[in-house]
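Chemist: Each residue of the sequence shown is one higher than the one before, counting from 2 in my numbering.
Glycine included, every Cβ here is placed at the ideal spot set by N, Cα and C.
Just so we're clear, the structure is a prediction, and the values are computed from it rather than from any experiment.
Got a structure for you, questions after.
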Amino acid sequence: MNILQELKGVQTIAISGHINPDGDCVGSCMGMALYLRKNMPQAQVDVYLEPFTDALMRN
């Protein structure tokens with residue numbers, strides 16, 4: 002079974018990252034959100050992340 006089958010009929014999806022998100026965390030969350038928004042246009046998809054540190058923005 003894939004994620005779209007598991008989420009069939011769901012109207013609201015929340016995606017969260019870990020504490021002090023790094024680039025992998027941000028990219029994974031945003032990639033999953035993009036995939037779900039494209040394949041489940043009827044669902045509200047929200048991403049919740051802590052604010053990025055300045056160091057993450059420089060790399």
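Under the three-state reduction of DSSP, which class applies to D23: helix, strand or coil?
Modeler: It is coil, neither helix nor strand.
Chemist: As a quick exercise: from L37, V27, S29 and I20, pick the residue whose alpha carbon is nearest that of I4.
Modeler: Nearest C-alpha to I4: L37.
Chemist: Where H8 and D25 are concerned, what is the direct C-alpha to C-alpha distance, given to the nearest angstrom?
Modeler: Looking at the sequence itself, residue 8 is Leu, so the reference to His does not match. Going by the C-alpha atoms only, they are around 24 Å apart.
Chemist: Is P22 buried or exposed, if buried means 16 or more other CB atoms sit within 10 Å of its CB?
Modeler: Result: buried.
Chemist: Taking the straight line between their C-alpha atoms, what separation do you get for K39 and L50?
Modeler: Near 21 Å, if we compare the C-alpha coordinates of L50 and K39.
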